[in-house]
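Trainee:
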Amino acid sequence: MSNEVTTIFSEDAFQAPANFCKTSARARSVRIIITSLTFQYLLVAHARIFNGIVYASGQIPLNTSGKIVGDTIEEQTEQVLKNHLAILKAAGSSPERILRINVYLVNTEDYNGFSTTYNQMIPDPKPPRGCIFVKALPAGARVEMDLVAAT
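Position one of the sequence shown corresponds to residue 1 (the UniProt record's numbering), numbered consecutively onward.
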């Protein structure tokens, strides 16, 4: 798969329970986003779109080869955000349409460095954001983020 290809699966490929949603055809529309622009960690979809909302999976600072990028929190934050920007583009969204971001940091000392890079890459007005400090993240990452955005 080239770096320009985006694979989008429609609801036809995934069967939802009959009572999952009976409001309208649009309400039942679910698209799964998997893009070669980011690494597919553990074969989890990068995002799911439902009713015009993009629900992006947590991203850690992996490059397309599955290797952690960067030693500093600033480098790792930049890679995580690049991954999310690629997912948003594949989903037909953009950074300006982010509704909420959840951040997971391993070290409280990383908060300021994370915030500096985040503030440079995410446009104003900044979306609501939560930050949770955790004991560890996969592959030794220092930061993980998931987000919700409008299409």
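Glycine included, every Cβ here is placed at the ideal spot set by N, Cα and C.
1) Please report how far the alpha carbon of residue 80 lies from the alpha carbon of residue 142, in whole angstroms.
2) Can you check which of these residues, 121, 96, 51, 125, is closest to residue 75 by C-alpha distance?
3) Measure the Cβ-Cβ separation of residue 49 and residue 91 and say whether it is below 7 Å.
4) Run the CB neighbour count on residue 113, radius 10 Å, all protein chains shown included, and call it buried at 16 or more, exposed below.
5) What are the partner residues of residue 130, as DSSP defines its beta bridges?
6) Just the Cα atoms here: how many angstroms apart are residue 25 and residue 51?
7) For residue 104, which residues in the same chain have their Cβ closer than 6 Å to its Cβ, ignoring the five residues on either side in sequence?
Mentor: Reading off the structure:
1) About 10 Å.
2) Out of 121, 96, 51, 125, 121 has the C-alpha closest to the C-alpha of residue 75.
3) With respect to the 7 Å criterion, residue 49 and residue 91 are classified as neighbours on the basis of their beta carbons.
4) Flag for residue 113 reads buried.
5) Residue 130 has 102 as its beta-bridge partners, per DSSP.
6) Note that residue 25 has pLDDT 47, beneath the 50 cutoff, so the model's placement of it is unreliable and no number is given.
7) Sequence-distant partners of residue 104 (beyond 5 residues in either direction) whose C-beta falls short of 6 Å from its own C-beta, in its chain, are 132, 134, 144.
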